[in-house]
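To keep things clear, I will list the structure first and then write my remarks on it.
Protein chains in written order, with the working numbering: chain A, 1 to 119; chain B, 1 to 456.
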């Protein structure tokens with residue numbers, strides 16, 4: 001079973017991701033903030049990490065940098081409500097593979113996640 | 001920057017005539033002195049009276065520059081010239097001396113300040129010195145200057161008045177300095193009328209004569225900072241006033257104050273948001289409850305970007321954001337803004353137990369949901385709630401009905417107007433009265449910051 005980690009302080013979005021991927025045989029771990037995320041990555045070694053830009057203890061770009069420092073090959077994509085090219089550039093520079101905005105159509109969102117899990 | 005870059009580029013050419021014109025008091029002398037200081041290879045020719053005035057009133061003109069100031073009919077040494085030959089003798093001594101310096105490569109620009117006073121002196125001399133009347137004949141002098149520019153010397157002429165005449169037709173470049181006084185505040189501008197062979201990027205600049213020096217005030221466009229840095233906290237302490245983190249050099253908020261930011265609709269969004277976010281960031285970093293019902297140009301996405309820009313992630317527990325839109329994120333409170341009473345209930349609930357809270361009300365957002373009367377009632381309610389808790393209420397927004405603006409202007413303790421003047425953001429305080437300031441937005445320090453420059 002593949003495992004992904006969602007780093008986002010919103011339980012609503014966690015439930016949304018669970019619903020979207022429930023038939024896909026994917027285990028979804030949830031971390032509410034950056035510190036919890038770093039701990040869970042160490043413990044659970046997820047195949048894919050989904051990071052929001054606004055977290056309660058650091059920003060998503062900072063978290064990506066920290067993850068990259070310890071897990072060079074981690075696959076990280078940003079899923080956020082901040083639809084700004086400036087922030088996307090910062091995220092790519094820090095090492096994100098993709099930058100998805102939360103209002104993406106459901107089907108497209110699912111397709112992207114599955115694509116990154118396969119590759 | 002003292003003078004616009006287009007003018008500097010223009011003066012890099014050879015043999016051009018630049019006319020600087022303007023009514024009295026518009027800053028022609030300061031502008032041309034600033035040009036002389038910047039160019040380093042310009043000589044300044046003027047009358048004895050103006051030279052004394054420079055000595056007395058412009059201490060920033062350094063010794064090196066003072067050596068390049070010459071009095072028109074002063075006694076100066078000169079020697080015969082190869083480049084200018086007998087043409088040299090058609091000018092007064094001061095210019096002969098300067099032409100020697102041109103020949104030596106020390107000078108390539110002659111500044112004449114001012115055209116009228118120089119011509120006046122020449123007329124006297126024309127009568128007094130009969131044997132040298134050709135030198136002092138104003139018409140000949142004008143024609144000789146034209147020839148001088150044909151020979152590769154740059155000529156800058158300062159002239160009183162703004163009417164079109166022979167000088168403005170003949171000059172390769174014309175800039176007009178102007179000022180207007182509005183409600184006791186001075187607004188200065190430079191218009192670039194023509195600069196042959198130079199692309200004019202901007203035809204109008206805001207201009208200041210602060211400390212007796214010329215400053216051309218440039219508009220900076222927002223740049224996303226490459227490396228975000230923590231917004232510096234200013235302590236909020238009882239009895240010390242409340243910092244706005246924007247206008248602290250000119251005014252302070254007091255606890256319980258209602259602040260009205262009257263933004264003209266064309267002021268750029270980045271400037272508007274930085275003004276309000278700076279105060280918000282400081283309240284949050286002081287661990288004080290803050291509520292924002294954002295103005296129209298701050299949608300949820302923009303607000304989240306501002307949180308990222310000001311590094312406020314760790315402070316979100318103290319922030320409440322009120323929107324009517326559907327949002328996934330929990331931290332955005334969804335409020336039915338159509339119901340004024342419900343809105344009041346939400347505010348009361350959020351303010352419960354809060355000490356010294358900040359409330360930022362984007363009153364233009366409420367226009368979609370409430371009538372003018374209801375908006376005014378809500379503002380009045382808010383003001384009382386915030387005052388009870390010794391907090392700060394900031395009312396901001398761009399488009400609104402005149403009636404509401406007047407209402408806010410009347411009830412506010414601090415009333416600041418921010419206008420767009422040819423693309424620049426200019427602010428001035430009405431309550432309390434302040435001078436006009438040019439606003440600049442910089443992110444060089446890793447966070448957005450407004451820099452104020454007084455226009456005087």
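Even for Gly, the Cβ is constructed at its ideal location relative to N, Cα and C.
Every value quoted in this text rests on a predicted model; they were computed, and no experiment measured them.
- Closest in alpha carbon position to residue 254 of chain B, among B/103, B/131, B/240, is B/240.
- Counting along the chain, the unbroken beta strand (DSSP E) around residue 180 of chain B starts and ends at 173-182.
- By the rule that beta-carbons nearer than 8 Å mark a contact, residue 99 of chain A does not touch chain B.
- Going by C-alpha positions, residue 15 of chain B is about 16 Å away from residue 101 of chain B.
- Less than 8 Å separates the beta-carbon of residue 9 of chain A from that of residue 33 of chain A.
- Chain B places a beta carbon closer than 8 Å to that of residue 58 of chain A, counting this residue as a contact.
- Taking a C-beta distance under 8 Å as the contact criterion, residue 398 of chain B and residue 364 of chain B qualify as a contact pair.
- Residue 161 of chain B sits in a strand when the DSSP states are folded into three classes.
- The alpha-carbon of residue 392 of chain B is positioned some 17 Å away from that of residue 322 of chain B.
- Rounded to the nearest angstrom, the gap between the Cα atoms of residue 3 of chain B and residue 257 of chain B is 40 Å.
- For residue 305 of chain B, the residues of chain A that pass the 7 Å Cβ criterion are 82, 84, 87, in the order they occur in the chain.
- Setting aside the 5 residues that flank it on each side, residue 432 of chain B is surrounded in the same chain by 251, 414, each with a C-beta closer than 8 Å to its C-beta; the list follows chain order.
- Legend: CB atoms of the region 13-40 of chain A lying less than 8 Å from CB atoms of chain B belong to residues 13, 16.
- Judged by DSSP secondary structure, residue 321 of chain B falls within the beta strand (DSSP E) whose first and last residues are 319-323.
- When C-beta distances to chain A are compared with 9 Å, the residues of the region 268-301 of chain B below that value are 300, 301, in chain order.
- C-alpha of residue 36 of chain B to C-alpha of residue 184 of chain B: approximately 31 Å in a straight line.
- Taking CB atoms only, residue 449 of chain B has no neighbour in chain A less than 8 Å away.
- DSSP links residue 419 of chain B through a beta bridge to B/426.
- Within chain A, not a single residue places a beta-carbon under 7 Å from that of residue 441 of chain B; the smallest gap is close to 14 Å.
- In this structure, the beta-carbon distance from residue 243 of chain B to residue 287 of chain B does not fall below 8 Å.
- In the DSSP assignment, residue 101 of chain A falls within the beta strand (DSSP E) that extends over 98-101.
- Taking the beta carbon of residue 355 of chain B as reference, no residue of chain A falls within 8 Å; the closest one sits roughly 23 Å away.
- The beta carbon of residue 308 of chain B falls within 8 Å of a beta carbon belonging to chain A, placing the residue at that interface.
- With distances taken between CA atoms, residue 73 of chain B lies nearest to B/120 out of B/85, B/120, B/200.
- By the Cβ criterion, the region 368-383 of chain B is not in contact with the region 298-316 of chain B, since fewer than three pairs of Cβ atoms, one from each stretch, lie closer than 8 Å.
- From the listed residues A/92, A/31, A/83, the smallest Cα separation to residue 77 of chain A is found for A/92.
- Between residue 8 of chain B and residue 177 of chain B, the C-beta gap is not smaller than 8 Å, which leaves the two residues out of contact.
- Counting along the chain, the unbroken beta strand (DSSP E) around residue 451 of chain B starts and ends at 449-455.
- Counting C-beta atoms within 10 angstroms of its own C-beta, residue 19 of chain A has fewer than 16 neighbours from the protein chains shown and is therefore classed as exposed.
- Rounded to whole angstroms, residue 47 of chain B and residue 25 of chain B show a C-alpha spacing of 18 Å.
- Closer than 8 Å at the C-beta level to chain A, one finds these residues of the region 202-234 of chain B: 224, 228.
- Here residue 383 of chain B is buried, its C-beta having at least 16 other C-beta atoms within 10 Å.
- According to the DSSP assignment, residue 440 of chain B belongs to the beta strand (DSSP E) that extends over 436-442.
- With a threshold of 8 Å between beta carbons, residue 104 of chain A makes no contact with chain B.
- The residues 88, 99, 100, 103, in chain order, have a CB closer than 7 Å to that of residue 81 of chain B in the same chain once the five nearest residues on each side in sequence are set aside.
- With respect to the 8 Å criterion, residue 292 of chain B and residue 412 of chain B are not classified as neighbours on the basis of their beta carbons.
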